[in-house]
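Participant: For the sequence shown, the tail end lands on 199 under the working numbering, and the numbers increase by one without skipping.
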Amino acid sequence: MPSPTQKALAKVPGPLRPFLIQHRSLVKFLVVGGTCFLLTMVINYGLKLTVCQNKPVVALTIGTALATVVSYLWNKAWSFRSEGSHKEAIPFIVVSAIAVGVNDLPLLASRYVFNLREPHVTHVTQEVSDFLSGMILGTLVAMAFRYWAMKKFVFTSPRADDETTERHTEPPARVG
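Here you go:
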């Protein structure tokens, strides 16, 4: 029975398959990251529109921190297929804490260095600036940092079954 990954690969155009297979941990990392980005956005705006109306950096930090926990579980189990004990928990916490700070820096700069906040700019400009600096730029920079740091310091030992189940180069042929 083909795995979900094999089923997905069967739907990808042939010339693209080798690239995706060669960079499978990056692709999986991006899928997890995209899902956690949406989770961060929901939490961030949920807080920003309610209890953290005047604290956009706090809202973003809480959203990012909660999504980071989900990211850890999914990346450990799927993206990096780490089987190690909880020895990676401490480096993960350190890398994640740094990444949350990295994610917050563009929003902090936008709001408090460039004064892209009310009353200096309109409410719409402030919100667009918050989204572009915190959710887009901050996430992209933090994502690049996380990918590098997770591979380098956290998830360093692949699962034993990773070599046999992930070494395939072609998904199974379609029947019918």
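Ideal Cβ positions, reconstructed from N, Cα and C, are used throughout, including at glycine.
Ends of the alpha helix (DSSP H) at residue 59?
Facilitator: In the sequence shown, residue 59 corresponds to position 36, counting from 1. Element bounds for residue 59: 47-71.
Participant: Do you know how far the Cα of residue 45 is from the Cα of residue 147?
Facilitator: On the sequence shown, position 124 is the one that residue 147 refers to. On the sequence shown, position 22 is the one that residue 45 refers to. Using only the alpha carbons, I get a separation of about 43 Å.
Participant: Who are the near neighbours of residue 125 in its chain, counting only those whose CB is closer than 8 Å to its CB and skipping five residues on each side?
Facilitator: For the purposes of this step, residue 125 is identified with residue 102 of the sequence shown, where counting begins at 1. Within the same chain, residue 125 has close Cβ partners 161, 164, 165 and 168.
Participant: Under the assumption that residue 111 contacts residue 52 (Cβ atoms under 8 Å), give the Cβ distance between them as a whole number of angstroms.
Facilitator: Counting from 1 along the sequence shown, the entry for residue 111 is found at position 88. Counting from 1 along the sequence shown, the entry for residue 52 is found at position 29. Contact doesn't hold; Cβ gap of about 15 Å is too wide.
Participant: Return the CA-CA distance between residue 34 and residue 75, expressed in angstroms with no decimal places.
Facilitator: For the purposes of this step, residue 34 is taken as the residue at position 11 of the sequence shown. For the purposes of this step, residue 75 is taken as the residue at position 52 of the sequence shown. Roughly 43 Å separates the two Cα atoms.
Participant: For residue 40, name the three-state secondary structure that DSSP assigns.
Facilitator: Within the sequence shown, residue 40 is the residue found at index 17, counting from 1. Three-state DSSP puts residue 40 in a helix.
Participant: Hey, residue 63 and residue 100: beta-carbon distance below 8 Å or not?
Facilitator: Translated into positions along the sequence shown, residue 63 becomes position 40. Translated into positions along the sequence shown, residue 100 becomes position 77. No, the Cβ-Cβ distance between residue 63 and residue 100 is not below 8 Å.
Participant: Just to confirm my understanding: we take residue 156, look at its own chain, exclude 5 residues before and 5 after, and list those with CB closer than 6 Å. What are they?
Facilitator: As a working note, residue 156 is residue 133 in the sequence shown. Excluding sequence neighbours, residue 156 sits near 129, 130 and 133.
Participant: Give the C-beta separation of residue 43 and residue 61 to the nearest angstrom, bearing in mind that I take them to be a contact with Cβ-Cβ under 8 Å.
Facilitator: Residue mapping note: residue 43 aligns to position 20 of the sequence shown, counting from 1. Residue mapping note: residue 61 aligns to position 38 of the sequence shown, counting from 1. With 8 Å as the limit, residue 43 and residue 61 do not qualify as a contact, their Cβ atoms being about 22 Å apart.
Participant: Could you please give the first and the last residue of the uninterrupted alpha helix (DSSP H) stretch that includes residue 33?
Facilitator: Here the question's residue 33 lines up with position 10 in the sequence shown. First-last of the alpha helix (DSSP H) with residue 33: 27-33.
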